[in-house]
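Comments concern the structure below.
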Amino acid sequence: MDGVEGSKEKAAGIGHIFKFMDNIAGKGNFMLYEKHIFVCVNQRPEGARICCGEEHGLKLVQAFKEEILKRGLKVKVRAQKTGCFDICETGPNVMVYPEGIVYGKVMVSDVPEIMENHIVGGKPVDRLRINF
Ligand code: FES
């Protein structure tokens, strides 16, 4: 399909991208998702500065992704790995946008609580929160 109809068909499948682009162009809102969860997976050589660790970080990413799927939030919430936030001593660290809230010493067992209270309920989990 070509022309306008073809464009509409394509746009329907990637509507959230167009919404994102509209936001950039007009409203100054750059969020592609309602909540974006960044999990540090940085790993350093043995003997270097402490780090969140790739293995633990990847387990956290997987746990968040499973919770997102289980709750039917895939379009609204994204979890992904990222590099060092330079707050390594409090790791494993997780950052949630748009609030910019940082959680430290996060274990896989903490993920359902973060999802339920913060991501779904809008109330950050104070016991894990790092205040700067
Ligand atoms: S290694 Fe994770 S914050 Fe630095």
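Residues in the sequence shown are numbered consecutively from 985, following this note's numbering. Where a beta carbon is used, it is the ideal one built from N, C-alpha and C, also for glycine.
For valine 1092, there is no enclosing alpha helix (DSSP H), as DSSP gives it neither H nor E.
Exclusion of the five residues before and after glutamate 1038 leaves Val1025 and Gln1027 as the residues of its chain whose Cβ lies within less than 6 Å of its Cβ.
For isoleucine 1021, the enclosing beta strand (DSSP E) has its first and last residue at 1019–1024. Uninterrupted alpha helix (DSSP H) stretches at least 4 residues long and entirely within the segment 1021–1063 occur at 1038–1054, given in chain order. Around the Cβ of glycine 1084, a 10 Å sphere holds fewer than 16 other Cβ atoms; the residue is exposed. According to the DSSP assignment, methionine 1015 belongs to no beta strand (DSSP E), since it is labelled neither H nor E. DSSP, read as helix, strand or coil, puts valine 1104 in helix. In the assembly as shown, glutamate 1073 is an exposed residue. Its beta-carbon has fewer than 16 other beta-carbons within 10 Å. Between isoleucine 1098 and valine 1061, the C-beta spacing is not below 8 Å. Assigned with DSSP and collapsed to three states, isoleucine 1071 falls in coil, not helix or strand. Cβ atoms of alanine 1063 and valine 1092 stay farther apart than 8 Å, at about 13 Å.
Of all alpha-carbon atoms in Tyr1087, Phe1116 and Gly1075, the one lying nearest the alpha-carbon of arginine 1033 is that of Gly1075. Using a cutoff of 7 Å, the CB of aspartate 1094 does not count as near the ligand FES, since none of the ligand's heavy atoms is closer than that.
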